[in-house]
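Residue numbers in the sequence shown follow our numbering, run continuously in steps of one, and reach 924 at the last position. Below is one structure; the comments refer to it alone.
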Amino acid sequence: MQNDMKTPLLAGAASDASEPLPRCPGGPVISIIGSGDFSRSLAIRLVACGFRVVVGSRNPNRIDRGLFPDGVDIRSQKEAVDSAERVVFAAVYPEHYYTLVGLRRQLAGKVLVDVSSATRLNSGEQSNAEKLAELFPESRVVKGFNVISAWALQAGVHDGSRQVLICSDCSTSKDTVLQLARSMGFSPMDVGGLCQSRDIEEAPLILFPSWGGPILTTFILFLFFYGYNSLKHILLPYLDKGQNNFHQLPLVTMNETLPAVALVTLALVYLPGLVAAVFQLCRGTKYKRFPRWLDHWLCRRKQLGLLSFLCVVLHAVYSMCLTLRRAAGYTLLNAAYHQVKADVENSSVGQQVWRSDLYLSCGILGFGVLTLLAITSLPSVGNAFNWREFTFVQSGLGYTALTLSIMHTLFFGWDFAFFPVAYPYYLPPMYLLALILPCIVLVGRLFLALPCLTLRLAKIRRGWESARHWPRNNQEPRSNEADPPQNVGDV
Ligand code: NAP
434 MQNDMKTPLL
444 AGAASDASEP
454 LPRCPGGPVI
464 SIIGSGDFSR
474 SLAIRLVACG
484 FRVVVGSRNP
494 NRIDRGLFPD
504 GVDIRSQKEA
514 VDSAERVVFA
524 AVYPEHYYTL
534 VGLRRQLAGK
544 VLVDVSSATR
554 LNSGEQSNAE
564 KLAELFPESR
574 VVKGFNVISA
584 WALQAGVHDG
594 SRQVLICSDC
604 STSKDTVLQL
614 ARSMGFSPMD
624 VGGLCQSRDI
634 EEAPLILFPS
644 WGGPILTTFI
654 LFLFFYGYNS
664 LKHILLPYLD
674 KGQNNFHQLP
684 LVTMNETLPA
694 VALVTLALVY
704 LPGLVAAVFQ
714 LCRGTKYKRF
724 PRWLDHWLCR
734 RKQLGLLSFL
744 CVVLHAVYSM
754 CLTLRRAAGY
764 TLLNAAYHQV
774 KADVENSSVG
784 QQVWRSDLYL
794 SCGILGFGVL
804 TLLAITSLPS
814 VGNAFNWREF
824 TFVQSGLGYT
834 ALTLSIMHTL
844 FFGWDFAFFP
854 VAYPYYLPPM
864 YLLALILPCI
874 VLVGRLFLAL
884 PCLTLRLAKI
894 RRGWESARHW
904 PRNNQEPRSN
914 EADPPQNVGD
924 V
């Protein structure tokens with residue numbers, strides 16, 4: 434398993450430990466300083482991958498040997514470091530690094546792996562790994578493994594995170610740790626020199642880095658639509674006529690709010706692509722950076738799409754539960770009573786039957802297409818597509834989902850918006866508000882499909898530039914390969 438390593442982990446260093454290590458068959462000896470949770474999980478994983486492990490503790494006799502797998506030797510810190518053939522893990526907290534300075538001589542020339550994480554973000558201080566390197570100038574300090582939790586280490590290769598970020602100023606030592614991580618079933622990633630260690634240490638503290646903006650946007654939309662709906666149908670009728678509709682808040686109002694949020698969020702997925710296309714058309718080049726806000730927005734389309742999908746799923750579940758409500762039962766009974774009292778045998782209205790069938794059908798189809806989009810946004814699925822297939826799915830099917838969702842809403846609203854009763858307290862129906870942005874996006878997309886605009890845009894994306902961007906001296910267009918295209922994705 435280790436044959437392909439450039440630098441052998443077995444360096445053949447003689448151990449001067451007081452008692453010789455039991456030479457059990459297996460791989461090289463790796464030492465771990467510290468006997469806590471991380472040390473234990475690391476030992477379990479290393480042993481499972483064929484390495485021999487020596488754990489160094491301040492007080493080896495105090496440790497319950499049953500906590501470590503068979504074959505792990507528990508020694509004093511000095512003995513453990515001496516036993517290591519090349520690699521020593523420092524699995525103690527950074528505030529205790531200074532207690533290890535007595536091991537400087539034993540650690541000289543060895544690869545010292547710092548597995549600690551930062552305690553706070555953007556502290557601006559020196560990283561733990563840089564501090565360790567200062568304390569042990571003769572050791573080769575490598576940063577890594579801190580992004581893997583003790584649990585994930587124990588869980589094995591098929592469960593838990595697999596990516597390990599690694600950096601060091603010593604390339605041979607870094608190669609050794611990269612290969613060690615690979616042998617343990619991880620996917621190591623070389624992120625450069627030790628100056629990158631601060632970022633690696635902060636990585637476990639970052640909470641969903643690319644989701645903040647999309648979640649906030651969706652939440653604000655939700656608050657707006659929920660507030661608007663509650664005001665129009667619950668609060669104002671209560672204040673005006675004393676009608677008590679507050680029981681609608683948990684289910685009916687939620688169910689009316691979710692599709693509105695889903696529709697606007699879906700429009701926000703496709704709007705930045707259109708804005709980017711307009712920028713490129715106006716500038717007559719693709720070799721100019723988009724404004725930062727647009728770059729940022731373009732990079733968050735996937736998250737917005739998934740949040741839109743979440744709202745659609747919730748809307749589908751809420752809709753199916755509507756008939757389970759006791760209030761729905763009473764409404765049906767009351768309607769039946771009034772029908773019987775009015776001596777009406779058949780209250781079916783053909784137009785309404787069409788309306789409900791059409792809006793339900795568009796809704797189900799839209800839901801199906803959105804599900805497909807959500808599945809293809811998974812890296813494992815999306816990576817199986819070539820660029821053309823991916824663009825077709827994300828752009829072609831995306832606009833199909835948007836169109837079906839708009840149709841679902843229009844059929845739901847039917848001609849309701851043309852009657853004054855739809856505007857109590859001068860407030861328009863919510864579905865009309867929810868339709869504004871998606872309709873703008875759809876019309877914008879159709880506008881960009883005009884041949885004169887599509888052809889010009891296609892030319893710009895192949896590298897053509899309008900004459901005003903040519904260099905003044907020779908009036909020659911810039912080479913197409915001069916700059917990579919901006920990440921517009923699909924429009
Ligand atoms: P832990 O369970 O508290 O173990 C730390 C070990 O450090 C102790 O078992 C102890 O070993 C030693 N120690 C304690 N006090 C000491 C002192 N005053 N001086 C010298 N050594 C002392 O902590 P841990 O969870 O294993 O974390 C260890 C390192 O791994 C930390 O830097 C942490 O950031 C990193 N890490 C942990 C995880 C995780 O999931 N736990 C994940 C990623 C990274 P002895 O008594 O045997 O000497």
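The beta carbon of each residue, even a glycine, is placed where N, CA and C say it ideally should be.
Residue i and residue j closer than 7 Å at C-beta
i	j	result
serine 509	lysine 543	no
tyrosine 531	leucine 565	no
cysteine 715	serine 616	no
leucine 999	tyrosine 858	Residue 999 lies beyond the stretch modelled for the chain, which goes from 434 to 924, so this question has no answer here.
histidine 748	leucine 691	yes
histidine 841	cysteine 872	no
serine 468	valine 514	no
lysine 719	arginine 595	no
valine 610	valine 575	yes
arginine 733	glycine 646	yes
leucine 798	leucine 830	no
leucine 737	leucine 701	yes
valine 505	alanine 524	no
phenylalanine 471	alanine 583	yes
Whole-angstrom C-beta distance between residue j and residue i, which should lie under 8 Å
i	j	result
leucine 613	valine 520	6 Å
valine 488	alanine 517	About 11 Å separates the two Cβ atoms, so there is no contact after all.
serine 635	leucine 554	The identity of residue 635 in the sequence shown is glutamate, whereas the question assumes serine. Rounded, the Cβ-Cβ distance is 5 Å, consistent with contact.
leucine 765	phenylalanine 844	Actually they are not in contact, since the Cβ atoms of leucine 765 and phenylalanine 844 sit about 22 Å apart, beyond 8 Å.
tyrosine 659	threonine 686	6 Å
serine 560	serine 620	Wrong, their Cβ atoms sit about 23 Å apart, outside the cutoff.
CA-to-CA distance, residue j to residue i, given in whole angstroms
i	j	result
histidine 666	leucine 586	53 Å
leucine 890	alanine 834	24 Å
isoleucine 599	phenylalanine 578	7 Å
phenylalanine 742	isoleucine 648	13 Å
proline 502	phenylalanine 652	48 Å
leucine 727	serine 813	27 Å
leucine 627	alanine 562	7 Å
tyrosine 526	lysine 511	18 Å
proline 637	phenylalanine 484	27 Å
alanine 695	serine 828	17 Å
tryptophan 847	serine 643	38 Å
leucine 500	aspartate 623	32 Å
leucine 888	serine 899	14 Å
phenylalanine 852	glutamine 713	43 Å
phenylalanine 880	leucine 699	19 Å
proline 461	asparagine 816	37 Å
leucine 704	arginine 878	9 Å
proline 862	glutamate 689	11 Å
isoleucine 633	aspartate 608	17 Å
leucine 875	tyrosine 832	8 Å
isoleucine 507	arginine 491	10 Å
glutamine 772	asparagine 779	9 Å
aspartate 784	valine 802	Checking the sequence shown, residue 784 turns out to be glutamine, not aspartate. Distance between the alpha carbons of glutamine 784 and valine 802: 27 Å.
leucine 656	tyrosine 751	18 Å
proline 683	leucine 707	37 Å
proline 904	phenylalanine 723	21 Å
phenylalanine 641	threonine 552	17 Å
methionine 753	isoleucine 639	37 Å
leucine 866	leucine 654	12 Å
arginine 821	threonine 809	13 Å
Residues that residue i bridges to, as DSSP identifies them
i	result
valine 673	The sequence given here has aspartate at residue 673, not valine. DSSP, once it has assigned bridges, lists no residue as partnering aspartate 673.
glycine 489	Ile466, Arg508
glutamine 596	Ser620
leucine 545	Val521, Val574
Three-state class that DSSP yields for residue i in the structure shown
i	result
alanine 551	coil
phenylalanine 578	coil
cysteine 482	coil
isoleucine 496	coil
isoleucine 639	coil
valine 854	helix
serine 601	strand
glutamine 559	coil
proline 705	helix
phenylalanine 880	helix
aspartate 515	helix
glycine 738	helix
alanine 775	coil
leucine 811	coil
serine 474	helix
asparagine 662	helix
Minimum Cβ-Cβ distance from residue i to chain B less than 7 Å
i	result
threonine 833	Protein chains in the displayed structure number just one, and chain B is not present.
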